[in-house]
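Asker: Sequence order for the protein chains is U and L. Position one of the first sequence corresponds to residue 1 (the UniProt record's numbering), numbered consecutively onward. Position one of the second sequence corresponds to residue 1 (the UniProt record's numbering), numbered consecutively onward. We treat Cβ as the ideally placed atom computed from N, Cα and C, and that holds for glycine. Since this is a predicted model, take the numbers as computed values, not measurements.
Protein chains: 2
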Amino acid sequence: MADRSEIDALIDLMAKLPGLGPRSARRAVLHLIRKRGLLLQPLADSMAEVARTARECLNCGNVGTSDICAICADDRRATGLLCVVEDVADLWAMERSGVFKGRYHVLGGTLSALDAVGPEDLRIPKLLDRVAGEEITEVILALNATIDGQTTAHYIVDQLEGRVEITSLAQGVPIGGELDYLDDGTITAALNARKRM
Amino acid sequence: MADRSEIDALIDLMAKLPGLGPRSARRAVLHLIRKRGLLLQPLADSMAEVARTARECLNCGNVGTSDICAICADDRRATGLLCVVEDVADLWAMERSGVFKGRYHVLGGTLSALDAVGPEDLRIPKLLDRVAGEEITEVILALNATIDGQTTAHYIVDQLEGRVEITSLAQGVPIGGELDYLDDGTITAALNARKRM
Chain U
1 MADRSEIDAL IDLMAKLPGL GPRSARRAVL HLIRKRGLLL QPLADSMAEV
51 ARTARECLNC GNVGTSDICA ICADDRRATG LLCVVEDVAD LWAMERSGVF
101 KGRYHVLGGT LSALDAVGPE DLRIPKLLDR VAGEEITEVI LALNATIDGQ
151 TTAHYIVDQL EGRVEITSLA QGVPIGGELD YLDDGTITAA LNARKRM
Chain L
1 MADRSEIDAL IDLMAKLPGL GPRSARRAVL HLIRKRGLLL QPLADSMAEV
51 ARTARECLNC GNVGTSDICA ICADDRRATG LLCVVEDVAD LWAMERSGVF
101 KGRYHVLGGT LSALDAVGPE DLRIPKLLDR VAGEEITEVI LALNATIDGQ
151 TTAHYIVDQL EGRVEITSLA QGVPIGGELD YLDDGTITAA LNARKRM
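#1: How about U/E49: is its C-beta nearer than 8 Å to some C-beta of chain L?
#2: What are the residues in the UniProt zinc finger region "C4-type" (57-72) of chain U lying within 8 Å of chain L by C-beta distance?
#3: Below 7 Å on C-beta distance, what does L/P42 contact in chain U?
#4: Report the residue from U/V131, U/M14, U/D8 and U/A15 whose alpha carbon sits nearest the alpha carbon of U/N59.
#5: Taking U/I166 as part of the beta strand (DSSP E), name the residues at either end of that continuous run.
#6: Give me the subset of the stretch 88-112 of chain L whose CB atoms are less than 8 Å from a CB atom of chain U, sorted by chain position.
#7: If we ignore side chains and look at the alpha-carbon of each, how far apart do L/L107 and L/R123 end up?
#8: Is the Cβ-Cβ distance between U/V84 and U/V29 less than 8 Å?
#9: Would you say U/A78 reaches chain L, if we count a Cβ-Cβ gap shorter than 8 Å as a contact?
#10: Suppose the cutoff is 8 Å on Cβ atoms and the five residues either side in sequence are ignored; what does the same chain contact list for U/L179 look like?
#11: Please go through the same chain and pick out, in chain order, the residues whose beta-carbon is closer than 8 Å to the beta-carbon of L/G80, but skip the five residues on each side of it.
#12: Quick one, which of U/S5, U/T53, U/A113 and U/D8 has its alpha-carbon nearest L/S5's?
#13: Since U/S168 contacts U/L141 with CB under 8 Å, what's their CB separation in whole angstroms?
#14: Which of the three DSSP states is assigned to L/R55 in this structure?
#15: Based on Cα-Cα distance, which residue from L/R163, L/Y104, L/P22 and L/E120 lies nearest to L/A78?
#16: Taking a contact to mean a Cβ-Cβ separation below 8 Å, would you say U/A51 touches L/L40 in this structure?
#17: One question on the structure: do U/M47 and L/L17 come within less than 8 Å of each other, judged by their Cβ atoms?
#18: Using a Cβ-Cβ distance under 8 Å, would U/R26 count as near chain L?
#19: Looking at the C-beta of L/V53, does it have a partner C-beta in chain U at a distance below 8 Å?
#20: Going by other Cβ atoms of all chains shown within 10 Å of its Cβ, with 16 needed for buried, is U/G162 buried or exposed?
#21: Taking C-beta pairs closer than 7 Å, name the residues in chain L that residue 238 of chain U reaches, listed in chain order.
#22: Any C-beta of chain U within less than 8 Å: which residues of the stretch 176-196 of chain L qualify?
#23: Can you tell me where the alpha helix (DSSP H) holding L/R96 begins and where it ends?
#24: Where DSSP assigns a beta bridge to L/L141, which residues make up the other side?
#25: Among the candidates U/L127, U/G133 and U/G177, whose CA atom is the shortest distance from the CA of U/A153?
#26: Starting from U/L39, find everything on chain L with Cβ-Cβ shorter than 9 Å and list it in chain order.
#27: Could you check whether the Cβ of L/A2 sits closer than 8 Å to any Cβ belonging to chain U?
#28: Using a Cβ-Cβ distance under 8 Å, would U/R36 count as near chain L?
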């Protein structure tokens with residue numbers, strides 16, 4: 001089927017997206033072809049636009065369309081608070097909650113002995129520079145509650161201890177969570193961090 | 001976050017794809033931004049190319065890049081055999097099996113009283129034209145084994161009866177299927193259509 005080659009090429013590319021396999025990529029492409037004018041062409045334009053403009057913030061590692069992202073450039077954000085996250089997706093999740101008014105630092109992953117990821121492979125040197133150079137009073141570690149995330153948190157605490165206040169997100173029962181469905185580690189953490197009512 | 005507007009627009013568009021929601025769209029877009037050169041730009045180019053070239057075959061309704069699709073234009077395909085399918089996805093599934101050497105006719109859906117889909121909303125008039133005009137000896141109904149699919153099959157049989165041989169795909173136990181996991185209807189169909197060994 002020679003004349004399907006462009007369509008097949010698109011299916012192959014779509015199948016490389018996380019969460020899509022060959023079957024769902026075919027389904028998505030058929031849907032796109034049916035909605036050529038409404039969806040396929042706008043999506044092509046939007047992707048070309050993002051490919052042209054997207055870049056990492058030189059300061060914090062967030063993804064945006066300028067060398068310094070909108071959060072770093074925003075004067076209304078508290079300069080003293082720095083929230084350290086693993087990934088841009090985590091930054092976006094924090095921003096959706098809308099509760100944090102400081103700035104961010106995206107590490108770009110976690111330390112991992114297994115995958116040979118050291119501090120210099122992450123944005124950790126840049127973090128130390130920022131703590132030294134900016135007027136930061138508190139570093140909030142918002143790393144994932146995984147082994148690699150906690151290892152990375154410990155490493156950062158080691159590096160920054162005594163130079164700035166370091167806090168981390170509270171661990172405990174999630175809002176709406178049912179004890180029966182929680183793992184032992186979460187229950188232990190919640191019990192150890194219990195609060196007087 | 002003004003400078004994320006292009007990225008947000010892309011996320012909104014991606015979330016309209018079947019199988020992707022807001023969360024997986026965000027994940028896909030972050031993945032695309034990380035692989036800007038390798039994936040995002042090629043995907044944008046490929047989509048623009050498909051948006052420009054994709055069209056429905058005037059003869060059978062298949063999706064391709066010319067007015068007559070590669071299958072209809074292929075002299076080596078048997079002219080006497082016509083396989084009727086609901087959807088382009090079904091045609092692609094038949095082609096992947098590689099066993100059918102005739103041509104196709106894509107209905108573009110099924111008859112449905114509930115959704116007010118009549119014969120003229122589908123490519124059924126065109127099917128009758130083709131059976132009258134082309135040298136077709138056998139029409140193979142490869143419609144889905146759903147109520148709407150079977151209603152549509154019965155309607156086509158009514159229209160074509162006596163003018164051409166009409167067959168349908170066999171129903172029974174799928175290859176690799178376990179009886180314990182099959183529904184009663186499939187077991188009934190398989191038992192009724194049992195074959196001497």
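Answerer: Quick answer:
#1: yes
#2: V63, G64, T65, S66, C69, A70 and I71
#3: L13
#4: U/V131
#5: Annotation for U/I166: the continuous beta strand (DSSP E) segment containing it runs E165 to S168.
#6: V88, A89, W92 and E95
#7: 5 Å
#8: no
#9: False, the Cβ-Cβ gap to chain L never drops below 8 Å.
#10: V173 and I187
#11: G102, E135, I136, T137 and E138
#12: That would be U/T53, whose Cα lies nearest to the Cα of L/S5.
#13: 4 Å
#14: strand
#15: L/Y104
#16: yes
#17: No. Outside cutoff.
#18: yes
#19: Sequence check: residue 53 of chain L is Thr here, not Val. Closer than 8 Å: yes.
#20: exposed
#21: Not covered by the structure: residue 238 of chain U. The range shown for chain U is 1 to 197.
#22: none
#23: V88 to S97
#24: L/V84 and L/S168
#25: U/L127
#26: Going along chain L in sequence order, the residues near U/L39 (Cβ under 9 Å) are L13, K16 and L17.
#27: Because L/A2 carries a pLDDT of 44, less than 50, the predicted location of this residue cannot be relied on, and no value is offered for it.
#28: Yes, U/R36 lies at the interface with chain L (some Cβ there is under 8 Å from its Cβ).
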